[in-house]
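Visitor: Protein sequence lines correspond, in order, to chains A, B, C and D.
200 is the number that UniProt numbering gives to position 200 of the first sequence; each next residue is one higher, with no gaps.
266 is the number that UniProt numbering gives to position 266 of the second sequence; each next residue is one higher, with no gaps.
253 is the number that UniProt numbering gives to position 253 of the third sequence; each next residue is one higher, with no gaps.
303 is the number that UniProt numbering gives to position 303 of the fourth sequence; each next residue is one higher, with no gaps.
Just so it is clear, CB atoms sit at the ideal spot from N, CA and C, and this is done for glycine as well.
There are 4 protein chains.
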Amino acid sequence: MPIPAPVLNPPFNIIRLSHVEFGVINLAASRKFYTEILGLQITDEDEDTIYLRAMEERGHHCLVLKKKPEAGIDYLSYKVFSEDELDKAEAYFTGLGHKVEWVTRPFQGRTLRTHDCFGAPMEFYFKMDRLAPIHQQYALYRGVKPLRIDHFNCFAPNVDTAVEFYGKLGFRVTEYTEDEETGALWAAWTHRKGGVHDIAFTNGHGPRLHHTAFWVPTPLNIIDLLDLMATTGYVGNIERGPGRHGISNAFFLYILDPDGHRIEIYCSDYQTVDPDLEAIKWDLKDPQRQTLWGAPAPRSWFEHGSTFTGVGTRDADLKASPIIAP
Amino acid sequence: MPIPAPVLNPPFNIIRLSHVEFGVINLAASRKFYTEILGLQITDEDEDTIYLRAMEERGHHCLVLKKKPEAGIDYLSYKVFSEDELDKAEAYFTGLGHKVEWVTRPFQGRTLRTHDCFGAPMEFYFKMDRLAPIHQQYALYRGVKPLRIDHFNCFAPNVDTAVEFYGKLGFRVTEYTEDEETGALWAAWTHRKGGVHDIAFTNGHGPRLHHTAFWVPTPLNIIDLLDLMATTGYVGNIERGPGRHGISNAFFLYILDPDGHRIEIYCSDYQTVDPDLEAIKWDLKDPQRQTLWGAPAPRSWFEHGSTFTGVGTRDADLKASPIIAP
Amino acid sequence: MPIPAPVLNPPFNIIRLSHVEFGVINLAASRKFYTEILGLQITDEDEDTIYLRAMEERGHHCLVLKKKPEAGIDYLSYKVFSEDELDKAEAYFTGLGHKVEWVTRPFQGRTLRTHDCFGAPMEFYFKMDRLAPIHQQYALYRGVKPLRIDHFNCFAPNVDTAVEFYGKLGFRVTEYTEDEETGALWAAWTHRKGGVHDIAFTNGHGPRLHHTAFWVPTPLNIIDLLDLMATTGYVGNIERGPGRHGISNAFFLYILDPDGHRIEIYCSDYQTVDPDLEAIKWDLKDPQRQTLWGAPAPRSWFEHGSTFTGVGTRDADLKASPIIAP
Amino acid sequence: MPIPAPVLNPPFNIIRLSHVEFGVINLAASRKFYTEILGLQITDEDEDTIYLRAMEERGHHCLVLKKKPEAGIDYLSYKVFSEDELDKAEAYFTGLGHKVEWVTRPFQGRTLRTHDCFGAPMEFYFKMDRLAPIHQQYALYRGVKPLRIDHFNCFAPNVDTAVEFYGKLGFRVTEYTEDEETGALWAAWTHRKGGVHDIAFTNGHGPRLHHTAFWVPTPLNIIDLLDLMATTGYVGNIERGPGRHGISNAFFLYILDPDGHRIEIYCSDYQTVDPDLEAIKWDLKDPQRQTLWGAPAPRSWFEHGSTFTGVGTRDADLKASPIIAP
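1. Buried or exposed: which applies to A:Ile25, given that a residue is buried once 16 or more other Cβ atoms fall within 10 Å of its Cβ?
2. Can you give, in chain order, each stretch of the alpha helix (DSSP H) that sits fully within the region 251–325 of chain C and has at least 4 residues?
3. Determine whether the Cβ of D:Tyr138 lies closer than 8 Å to any Cβ atom of chain A.
4. Quick check: what's the CA-CA separation for C:Arg110 versus C:Glu175?
5. In the DSSP output, which residue or residues are listed as bridge partners for C:Ala156?
6. Run through chain C and tell me which residues come within less than 9 Å of A:Arg172, C-beta to C-beta.
7. Just curious, the alpha helix (DSSP H) that C:Arg113 is in, first and last residue?
8. Could you tell me whether the Cβ atoms of residue 328 of chain C and C:Ile222 are closer together than 8 Å?
9. Looking at B:Trp293: is its Cβ nearer than 8 Å to the Cβ of D:Ile255?
10. Cutting at 6 Å between CB atoms, please list the residues of its own chain near C:Asn249, excluding the five before and the five after it.
11. Whole angstroms is fine: what's the gap from A:Ile265's alpha carbon to C:Ala91's?
12. Quick one, which of D:Phe214, D:Asp150, D:Trp215 and D:Gly23 has its alpha-carbon nearest D:His191's?
13. Look at the alpha carbon of A:Glu178 and the alpha carbon of A:Pro4, and state the distance between them as a whole number of angstroms.
14. So with CB distances below 8 Å, who are the chain A contacts of D:Thr232?
15. Counting only C-beta atoms, is D:Arg16 closer than 8 Å to chain B at any point?
16. Which of the three DSSP states is assigned to D:Thr35 in this structure?
17. Cβ closer than 8 Å: which chain C residues qualify as neighbours of A:Trp293?
18. Taking 8 Å as the limit between beta carbons, can you name the residues of its chain near C:His98, skipping five residues before and five after?
19. Can you pull the chain C residues whose beta carbon is under 9 Å from the beta carbon of A:Gln288, in chain order?
20. Nearest by alpha-carbon distance to D:Gly260: which of D:Asp44, D:Ile14 and D:His210 is it?
21. Please look up how many angstroms separate the CB atoms of C:Gln271 and D:Arg148, rounded, as I've assumed it's under 8 Å.
22. In the DSSP assignment, the beta strand (DSSP E) including D:Lys67 goes from what residue to what residue?
23. Looking only at its own chain, which residues have a Cβ that is under 8 Å from the Cβ of D:Ile323, when we skip the five neighbours before and after it?
24. Relative to the C-alpha of B:Gly60, which residue among A:Leu277, A:Trp282 and A:Thr94 is closest?
25. Just the C-alpha distance for C:Cys62 and C:Leu225, rounded to the nearest angstrom, thanks.
26. How should D:Phe12 be labelled, buried or exposed, when 16 other C-beta atoms within 10 angstroms of its C-beta is the threshold for buried?
27. Beta-carbon within less than 7 Å of B:Glu164's beta-carbon, same chain only, minus the 5 sequence neighbours each way: which residues are those?
28. Check the DSSP bridge columns for A:Glu175 and list the partner residues they point to.
29. Can you tell me which of C:Val159, C:Gly233 and C:Gln108 puts its alpha carbon nearest to the alpha carbon of C:Asp315?
30. For A:Leu220, go through chain D and note every residue whose CB falls closer than 8 Å to its CB, in chain order.
31. With a cut-off of 8 Å, does the C-beta of B:Gly194 fall near any C-beta of chain A?
32. From the beta carbon of B:Arg244, is the nearest beta carbon of chain D less than 8 Å away?
33. Any beta-carbon of chain A closer than 8 Å to the one on residue 330 of chain B?
34. Let me know if B:Trp102 comes out buried or exposed under the rule of 16 or more other beta-carbons within 10 Å of its beta-carbon.
35. Apart from the five residues just before and just after B:Arg16, which ones in its own chain have a Cβ nearer than 8 Å to its Cβ?
36. Anyone know if the C-beta pair for C:Pro157 and C:Phe93 falls short of 8 Å?
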């Protein structure tokens, strides 16, 4: 099945991915990881919750850590273009028959909560507390020196379904992997903000969050992080990389936080604002789609993901051929 | 005068700056400069014209070199969201009383030509020949390894006028310099595509093009270019840099092509897609707005620009205070 | 057995490793690999032989490629401090009962050929044709932009024997791996020129050359090489890396030339000129000695090496414990 | 006058420059500068003195800060090959008629103090407390992440005299600037340890210390430092750079400490261990000898230096031609 044509006038206007809330078991351990190693800045914290932002962000948070008895993903959140768009979103999801509710989120304005085609919780808002710029306070930079949250990547039990659902929300496909034999999508990268992706989907048991990515400008930031992790007790948290993906051209590193939530550190993407940008198609049998160069991914990278709190999962409709790498 | 509120629903939808046509006297000299030194890729050429693109671009050209008896800027061109937007643009400019005409540009679809508030020629199109990706053909990378055209910067005889005119087209101000005493704008950076700028304006004799910028990912690309230019006969073409601007946070280098058209090589910008992004204000008396660090700009950088072919210029309304650096 | 005390007044004065001659089956294929991919500069060539140097070297060659029916290593060559030292070397090796002969090598002065404790051919010379500097001819830089040959690494059937033999020649140990149970050396890094190594030895079937290393200043040079190799048909020649060794702190990449001769690209070493520099000891059971971070080495990296032309090999005296990685 | 032939068997064996003692007026201000900005590690301190080392050094100190009523340079110190060499040094300087004395320096063994041909104090030692390696403790890296002290650069009232004096001590010239008209040396770079220089001399009122240099691996370390200094109140301490010297190929930055002692941050040198390395000659009229690329040096860079405590200075014998840049 070919990828659907981009929806250029979606029912409401999502600007970009915004933030994610991680349920974490040991808040102190997560705090240390995200501030000293990853280098995010705390913008607010209490006994149960820590809010963080990356260095060029002016919104109050791109990551919320919530102390929980079990690790999980509470929701993925998106920023819309204006308050009006929230009402359009409410109407749209109501029309789909999805449950919608207005929830209270500290430091944010009106926030709409619903779920995607697999039941994964999505939240939308327009207003968030705006903070003074810190991108030129170079003395604050730590760890990998993260500049901004870049994207989410999810296991989807059916990628064609995901691309159709998110496509109708205006997410445009930039690159994708197709199973040449069946024509089914194996994976797809989709964006709103003009980069390679705001959210990507890979065939697998889901819905689960595969990773959350942060953008850095150069591979040297990633190498600095590797040196730091390898010599501060975090060598076991390095899962895969560094390497370069064929898809997206990303120079990547995948690491695991203390609860196993996977973080990608990412650079070398490209600009995708043209509405007539042609999606790049990769063959599932081309090993360079996954790894332009670099060591093969470990088994855990294909299998492990974070579940969404309270959301059931199911196996993928499409099974991996035994002769191809996932 | 405060900067105007952003126009979030402009009369037609400009996606981004697209390309510029330079009148050049010696086409062979320019060809060598833009391919061997800057590292752009030729996509078409004949006796009089060379078309070039940067490494991640899929559109046919971001720079057109046209053999002319005199050096000059023929037009600045912008890509719009769809064919329909061109008709809206025609209506809009006609309504303003600006001359509009449909022109033929090779490798492009319908192209509307008009001019801005100072008479500088602007062109708009939606369709351009799309080329296969080359961003992963690493053997093709040369010179500074430019990834994409990033922005234009113009001398404007009145920056308040420029910001008002371009603001109505939907260009949103990201940073600006204000003369604290008069409240007049000295300079402003405005964008459509989600970076710090598609076009910026600085107070000065104009309209003239101050520079065209190309984006590279790291300062090391710029240092490689400096080493190359300094040892291949182009040391005299290095005008200013490297350094970092306070405004935009750009790590920059300014070089001059064989006709004196100024090129900026640029990295370290940030993402500006939020419609509620607050513009950053700089005081004209703050020297770090211009140069966060680096040697002072030479006089030529403040004075020299390229005129638009056939377009008259006038002095700036606002005079530089004798005690402040321009 | 502890490592021997450094010999500070050796019988003759070796300055540094100098060059290696590779027997290669397809000279054209090797020429392409070493010039277009690795970026070495040809200083002379004929039908059978190609001489190459790296970008900061003034000596005529650091690598000689010789067309041969079988791939192999013809000799490792070292530069001594003066002509007199060659005569001292002749006397020393004669005293050891090693065969010595004066051989003719193009572009070199008097050259003494003998062999080490395992029969591996060593050559010594003082004079080599000196060439004009090219390190500031930045237009010549290609591929990984190699600055200089850095070291050899050999499989030794007995590392204690190697360290004793080379130690008497003045090679000083900078880092080493010891089998804590037996006290035997598993591997050792030894230098003459003030870096971490001119030659290193690892326990294994030998003598064989494990790799020849070239020095580059930054990890970005290595990433550029990976991108280039991955997209020009050489992805299969990437064997291991990038990663960082605990030992030597090297940021490394291992690649294989068309004949399977292994090349390391190397940065991040340190200065070792102090005669009282303490060697750093690593435990064979510490996985970070091998890989501070990075994917585990593939089996080939532990097993494959280049034999010395006409020189027999034998198994290592020390067997790898089945529970530890090699 | 041609540069003298290298002295390959000097009267005693100096291994490398080792450290310098700076007299500083405000110890707290200097402490902050050298630890938070430059990133050196404190190895010992009391009310009057701070000892520091760079990240790859194992010797106890490369810089000593001593609280003094007036800023100045107390001595430049060199490490010799063994204790015996100190006695040879004593005999040599005594033979020259230079005053010699054995002085006590904390954390060092026997230390010989004397002076050079201009009266500048030199100290020699072999033993210094050795510290555990910290180069792989990446969490400790700060500021410019300095790896090691690299060289001294002095104003000499007669560079021919300096080269002759230091040449007899075994310092070998790697590059030099000659006044083509008179044949006099304008500047010379001389080394012991196998890099471009341990000490360099430039024609000028002296003896004075022009700068002390620290080595970093990449230009990005220097750019990080510039960003940090420009945003932490040290923008006024940036004197010159970044740029590249023709001589030595150094990518450089010059900064001033709180007392005006000049520090160079330096990368991109090359290896010089060959005893037959030809010195590179530059013409005083070639502007690229000074600045391969980059802004012209400010006047202060040519005129300002640190005096040696208690040592008189005199004008240079050679006057700068009015038409050439210094």
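Guide: Here's the rundown:
1. exposed
2. 287–290 and 299–303
3. yes
4. 33 Å
5. C:Asn203
6. Simply none; closest approach about 26 Å.
7. From DSSP, C:Arg113 is part of no alpha helix (DSSP H) but of the beta strand (DSSP E) over Thr111 to His115.
8. Any question about residue 328 of chain C goes unanswered here, given that chain C covers just 1 to 326.
9. no
10. Ser268
11. 59 Å
12. D:Asp150
13. 13 Å
14. Tyr138 and Ala139
15. no
16. helix
17. Leu226, Asp227, Met229, Ala230, Val235 and Ile238
18. Thr114 and His115
19. Ala230, Thr231 and Val235
20. D:His210
21. 6 Å
22. Leu63 to Lys67
23. Only weak support exists for where D:Ile323 lies, its pLDDT of 40 falling under 50; the coordinates are left without a value.
24. Looking at the sequence provided, one finds His at residue 60 of chain B rather than Gly. Answer by Cα proximity: A:Leu277.
25. 20 Å
26. buried
27. Pro4
28. A:Trp189 and A:Ile280
29. C:Val159
30. Thr218 and Leu220
31. yes
32. yes
33. An answer regarding residue 330 of chain B cannot be provided, because it is not within the stretch 1 to 326 covered by chain B.
34. exposed
35. Tyr78, Lys79, Arg192, Lys193 and Asp198
36. no
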